[in-house]
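Position in the sequence shown counted from 1, then plus 210, gives you our numbering.
Glycine residues also receive a C-beta, built at the ideal position from the N, C-alpha and C atoms.
Note that the coordinates shown come from a computational prediction; the quantities given were computed from them, not determined experimentally.
Read the structure below first, then the notes.
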Amino acid sequence: MADAAGSATAVSLTALAESLDVRALSLYNHVASLEDLQHGMAVAGVRLLLDELRVAAVGLVARPSLEAMAHAYGHFAHNHPGIYPLTVRAPEPDDAELGMLAQELV
């Protein structure tokens with residue numbers, strides 16, 4: 211949904227509920243707030259980016275590996291315009307999950 215809109219900030223709980231054909235209040239059984247939803251999108255985005263980078267580098271070493279990962283990174287940014295910006299933000303100091311994923315990404 212964020213990619214289709216071109217921005218994660220375009221995703222609201224109301225819009226998400228409408229796209230899922232549920233009541234907005236029902237979403238609060240799964241997410242605490244819009245900030246929580248955006249955090250979940252960031253975590254999912256970084257995991258997806260890591261997966262794509264790993265797949266690109268399989269069986270390659272040195273320069274070909276770096277070139278393949280650079281291509282995959284650019285491909286990810288192009289194909290996920292709504293999620294990509296969430297993957298490049300520095301995690302909050304108390305966000306262990308996103309912090310660990312960010313370390314893997316580096």
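TODO: To the nearest angstrom, report how far apart A267 and M310 are at their CA atoms.
DONE: Translated into positions along the sequence shown, residue 267 becomes position 57. Translated into positions along the sequence shown, residue 310 becomes position 100. Each residue's alpha carbon lies about 20 Å from the other.
Task: Y238, DSSP secondary structure in three states - done: Here residue 238 refers to the residue found at position 28 of the sequence shown. Correct three-state label for Y238: coil.
Task: Same chain, Cβ closer than 7 Å to S229, neighbours up to 5 away in sequence not counted - done: Locating residue 229 in the sequence shown gives position 19, where the first residue counts as 1. Same-chain partners within the cutoff: M211.
Task: L223 and A252 closer than 8 Å at C-beta - done: For the purposes of this step, residue 223 is identified with residue 13 of the sequence shown, where counting begins at 1. For the purposes of this step, residue 252 is identified with residue 42 of the sequence shown, where counting begins at 1. No, Cβ-Cβ distance for L223 and A252 is not below 8 Å.
- [ ] Tell me whether A214 is buried or exposed, calling it buried when 16 or more other Cβ atoms sit within 10 Å of its Cβ.
- [x] Here residue 214 refers to the residue found at position 4 of the sequence shown. It counts as exposed.
Task: Burial state of H240 (16 or more Cβ within 10 Å) - done: By one-based count along the sequence shown, residue 240 stands at place 30. Around the beta carbon of H240, fewer than 16 other beta carbons sit within 10 angstroms, so the residue counts as exposed.
Task: Within 8 Å, strictly: CB atoms of P274 and G216 - done: Taking the first residue of the sequence shown as position 1, residue 274 is located at position 64. Taking the first residue of the sequence shown as position 1, residue 216 is located at position 6. Their beta carbons are not under 8 Å apart, which means P274 does not touch G216 by this criterion.
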